[in-house]
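Residues in the sequence shown are numbered consecutively from 1, following the numbering used here.
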Amino acid sequence: MRFSMQAKPCCVPVAGRKPKPQFPVIIEPSRSAQDFPVVEIPGGSTLVGTANPLIQEDAEGPLQRKRLRPYLIGQTSVTNAQFATFVEETGFVTEAETFGWSFVFWAQVSGEAGLTQGARDVEWWRRVDGATWREVNGPGTFETAWHPEHPVIHVSWNDAQAYAKWAGGRLPTEAEWEHAARGGLQDARYPWGDRDPDDQSFFPCNIWQGRFPQINSGGDGYLTTAPAKSYEPNGYGLYNMVGNVWEWTAEPFRIRSQRKAARARQAQMRGFRLAKGGSFLCHASYCWRYRIAARTGNSPDSTTTHTGFRVVWDVEARMKH
Numbered sequence: 001m002r003f004s005m006q007a008k009p010c011c012v013p014v015a016g017r018k019p020k021p022q023f024p025v026i027i028e029p030s031r032s033a034q035d036f037p038v039v040e041i042p043g044g045s046t047l048v049g050t051a052n053p054l055i056q057e058d059a060e061g062p063l064q065r066k067r068l069r070p071y072l073i074g075q076t077s078v079t080n081a082q083f084a085t086f087v088e089e090t091g092f093v094t095e096a097e098t099f100g101w102s103f104v105f106w107a108q109v110s111g112e113a114g115l116t117q118g119a120r121d122v123e124w125w126r127r128v129d130g131a132t133w134r135e136v137n138g139p140g141t142f143e144t145a146w147h148p149e150h151p152v153i154h155v156s157w158n159d160a161q162a163y164a165k166w167a168g169g170r171l172p173t174e175a176e177w178e179h180a181a182r183g184g185l186q187d188a189r190y191p192w193g194d195r196d197p198d199d200q201s202f203f204p205c206n207i208w209q210g211r212f213p214q215i216n217s218g219g220d221g222y223l224t225t226a227p228a229k230s231y232e233p234n235g236y237g238l239y240n241m242v243g244n245v246w247e248w249t250a251e252p253f254r255i256r257s258q259r260k261a262a263r264a265r266q267a268q269m270r271g272f273r274l275a276k277g278g279s280f281l282c283h284a285s286y287c288w289r290y291r292i293a294a295r296t297g298n299s300p301d302s303t304t305t306h307t308g309f310r311v312v313w314d315v316e317a318r319m320k321h
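Next comes the structure, spelled out in structure tokens:
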């Protein structure tokens with residue numbers, strides 16, 4: 001039976017901050033990133049998309065075959081510790097730091113933040129002055145909320161691009177991301193197969209349990225981010241390809257459809273970048289986007305507490321680096 005969800009406003013708020021900052025730091029590839037664990041993904045024929053899209057307006061379908069060359073990908077999303085190495089070596093300043101604010105989910109906003117402003121259509125996202133990749137829930141939260149082994153958050157697409165260049169790699173294409181997430185399972189809904197997570201007993205990833213956005217039981221063990229290397233890895237040995245944090249990709253967010261509603265949505269998202277994987281805030285009742293074929297987009301300057309990234313490398317380039 002074919003099932004389709006309405007594309008509700010996703011749990012991804014748009015920053016739309018202007019003017020964009022200028023980064024004076026020149027980023028050069030570094031050997032410091034060579035110690036970070038990577039996995040080689042076999043090339044060949046792979047599937048992208050799905051024949052049974054759940055959110056039509058997101059252009060999850062059709063199911064297509066593509067050919068890829070072998071490549072390397074981070075075993076996990078980039079962690080706080082890894083990003084700290086990058087910042088220490090380059091002096092890089094993120095966009096959230098430059099603009100002076102970022103989005104924090106309402107339940108995690110620090111009591112010291114004072115009055116905050118909600119994002120349009122998604123009021124549970126609050127603009128918090130001083131929220132950064134270090135002060136993840138607002139000023140004064142480093143000691144309690146920042147963990148070196150957790151994914152780095154409050155990073156924009158532009159920040160992710162800079163880190164990837166420093167690491168000698170790049171952000172993945174959508175096909176590369178999906179191929180890695182499938183872990184050899186081909187046309188599977190999730191990295192572990194087709195069984196849906198639930199709120200009671202099956203917790204294969206870090207998502208929401210309960211009634212979004214008010215009640216989260218934390219049945220999977222976490223109310224916010226989990227360590228980047230947690231839960232069972234997929235068939236390629238990759239962790240948290242769905243849930244935990246959204247992951248930026250290299251591509252623009254495009255909707256390949258001639259439907260009027262799809263064209264209108266594409267016009268609203270012009271210039272947005274594609275993100276994959278869903279996050280700890282996703283739930284089937286509202287944002288069933290923690291599936292491999294699911295997708296969303298956001299402006300390249302947007303930063304939140306649930307968006308990170310992982311890096312890929314061309315095999316030959318990594319060997320030379």
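Built from N, CA and C at the ideal position, the CB exists for glycine as well.
| Asked | Found |
| --- | --- |
| What did DSSP end up calling Y71 once you bin it into helix, strand or coil? | strand |
| In chain order, which continuous runs of the beta strand (DSSP E) of length 3 or greater are located wholly inside the segment 231-307? | 246-252, 273-276, 296-298 |
| Would F253 be called buried (16 or more neighbouring beta carbons within 10 Å of its own) or exposed? | buried |
| Within its chain, find whatever has a CB closer than 7 Å to the CB of V128; leave out the 5 residues flanking it on each side and keep chain order. | W101, S102, V104, V109, A113, T116, G138 |
| Once DSSP output is grouped into helix, strand and coil, what is the label at S359? | Because residue 359 is not part of the residues shown, which for the chain are 1 to 321, the question remains open. |
| Using the C-alpha atoms, what's the distance from I55 back to S4? | Because S4 sits at a pLDDT of 46, beneath the cut-off of 50, its placement in the model cannot be relied upon, and the following sentence gives the value as read from the coordinates. Looking at the two C-alpha atoms, the distance is approximately 6 Å. |
| For P233, which residues of its own chain have a beta-carbon under 7 Å away from its beta-carbon, when the five flanking residues on both sides are left out? | Y239 |
| Is A113 near the ligand FMN, with its Cβ less than 7 Å from a heavy atom? | For the structure depicted, the ligand FMN is absent and the ligand set is empty, with no information on it obtainable. |
| Would you say the segment 64-83 touches the segment 41-49, given that touching needs at least three Cβ pairs under 8 Å? | yes |
| Could you tell me the alpha carbon to alpha carbon distance between R265 and D58, rounded to whole angstroms? | 9 Å |
| Put R189 into one of helix, strand or coil per three-state DSSP. | coil |
| Write down the C-beta distance between R310 and S77 rounded to the nearest angstrom, noting that I regard them as a contact closer than 8 Å. | 5 Å |
| Below 8 Å on the Cβ atoms is my contact criterion, and I expect E150 with P227 to pass it. Report the Cβ-Cβ distance as a whole number of Å. | Looking at the sequence provided, one finds His at residue 150 rather than Glu. Between P227 and H150 the Cβ distance is about 6 Å, and since that is below 8 Å, they are a contact. |
| Can you tell me whether DSSP reads F3 as helix, strand or coil? | Per-residue confidence for F3 stands at a pLDDT of 38, beneath the threshold of 50, marking its modelled position as unreliable; no derived number is given. |
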